[in-house]
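Shown next, in structure tokens, is the structure this report addresses.
Numbering (my numbering), first residue to last: 14 to 342.
Structural data, given as structure tokens:
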């Protein structure tokens, strides 16, 4: 196996921490000695120990002279645990290969510098894009000091999210709805607007049955004062600044918006959405009502919100379009 194979394994391990690491990063580690995997580990918040430490504990004496692969740079500071870089040094490893540097200002290359200063061979950057995409919520949270925002849309081919009379269940297939549940499982909060909440009374729960460290925070953004306090929901009376403050207070690292067309546009325009996931059903409703994205819109084409890094994934019936919002918005 090559370095790339082992790094890919660290990313696979790291993903096991989905919904179990916030407000931290998913991380995985593999210890390899003489071409044999001697230890593996992945991080969870409640498990305290970082991935490298867990992998070293499993490897035992085999860690001395071994190569350690990690999906994220070993930490260099004292937090809830001692610095992982120092633990690797003390274990006597010969080489450390990591997918990417940790942009956290407390680390940001310092862990790799510690390892190099101790005479350990260090390589960084293998499958960097894949590792960064996996931790996109964490990276946004630590570099921009705000949650990573996802806008989810389920619509017909002609861009409608409901009929003119408001019927919307179900536009997409069960396969797509299962995928949405998977998305809810990976975020800390799900947000809807007061109009959607009062009309549809959505549950917006995580029904995957998979373990999560914190209960999914369900939020109603009520800018018109129409919703009273609701058990099991956080009702935010105000705009995006108030919402940001509430999410920051609760250490929300990521959220998904499942909302009506006006709130969807306003969120995009305000710049709180980083990623859009659209499930498109092969149906046409016609009419002028209930577009996927509404709001005031833009008068000039040059003002349009630009998307990048988009992919199209076919399903049994629906297709899924995933795109990232250009940083200018």
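Every residue, glycine too, gets a C-beta built ideally from N, C-alpha and C.
Pairwise C-alpha distance: residue j and residue i
i	j	result
residue 162	residue 73	41 Å
residue 37	residue 266	8 Å
residue 178	residue 300	11 Å
residue 122	residue 116	8 Å
residue 90	residue 153	20 Å
residue 263	residue 46	42 Å
residue 149	residue 316	26 Å
residue 30	residue 19	18 Å
residue 342	residue 280	For residue 342, the predicted structure reports a pLDDT of 48, less than 50, and the residue's modelled location is therefore unreliable. A value from the coordinates is still provided. Each residue's Cα considered, the two are about 10 Å apart.
residue 344	residue 95	The requested residue 344 is not part of the displayed model; the chain covers only 14 to 342.
residue 70	residue 268	34 Å
residue 65	residue 185	42 Å
residue 215	residue 209	8 Å
residue 176	residue 166	15 Å
residue 144	residue 84	6 Å
residue 318	residue 278	10 Å
residue 297	residue 213	22 Å
residue 120	residue 58	18 Å
residue 252	residue 199	25 Å
residue 56	residue 33	8 Å
residue 146	residue 24	11 Å
residue 28	residue 43	14 Å
residue 151	residue 132	30 Å
residue 339	residue 75	46 Å
residue 172	residue 63	44 Å
residue 222	residue 130	46 Å
residue 68	residue 14	18 Å
residue 211	residue 158	31 Å
residue 261	residue 314	34 Å
residue 239	residue 330	38 Å
residue 35	residue 80	28 Å
residue 48	residue 39	25 Å
residue 22	residue 51	13 Å
Any chain D beta carbon closer than 8 Å to residue i
i	result
residue 283	This model lacks chain D altogether; it includes just one protein chain.
Beta-carbon proximity list for residue i, same chain, < 8 Å, skipping 5 on both sides
i	result
residue 128	87, 98, 101, 102, 109, 135
residue 274	174, 303, 304, 305, 306, 307, 308
residue 126	89
residue 137	86, 110, 111, 112, 113, 114, 125
residue 141	112, 113
residue 259	232, 247, 249
residue 310	278
residue 26	41, 42, 43, 53, 54, 55, 64, 84
residue 255	249
Which residues DSSP lists as bridging residue i, in chain order
i	result
residue 269	163, 203
residue 82	43, 110
residue 335	290, 324
residue 247	232
6 Å Cβ shell around residue i - same chain, five flanking residues per side excluded
i	result
residue 235	207, 248, 250
residue 105	77
residue 326	333
residue 336	289, 320, 323
residue 246	231, 233
residue 220	194
residue 276	206
residue 286	162, 164, 280, 338
Proximal residues to residue i (C-beta, below 7 Å), its chain only, five neighbours per side dropped
i	result
residue 217	203, 205, 231, 271
residue 242	248
residue 139	16, 17, 20, 110, 112
residue 61	93, 94
residue 257	159
residue 155	116, 117
residue 237	207
Given 8 Å, three or more beta-carbon pairs between the stretch 222-234 and the stretch 104-118: no
Any beta strand (DSSP E) of 3 or more consecutive residues that is wholly inside the stretch 273-313: 288-294
Beta strand (DSSP E) segments (min. 3 residues) lying fully within the stretch 190-244: 202-206, 230-235
In chain order, each alpha helix (DSSP H) run of at least 4 residues that lies wholly inside the stretch 120-174: 123-130, 141-147, 149-157
Inter-stretch contact at 8 Å, needing at least 3 Cβ pairs: the stretch 182-194 / the stretch 282-298: yes
Ranges of the alpha helix (DSSP H) found wholly within the stretch 48-81, counting only runs of at least 4: 64-72
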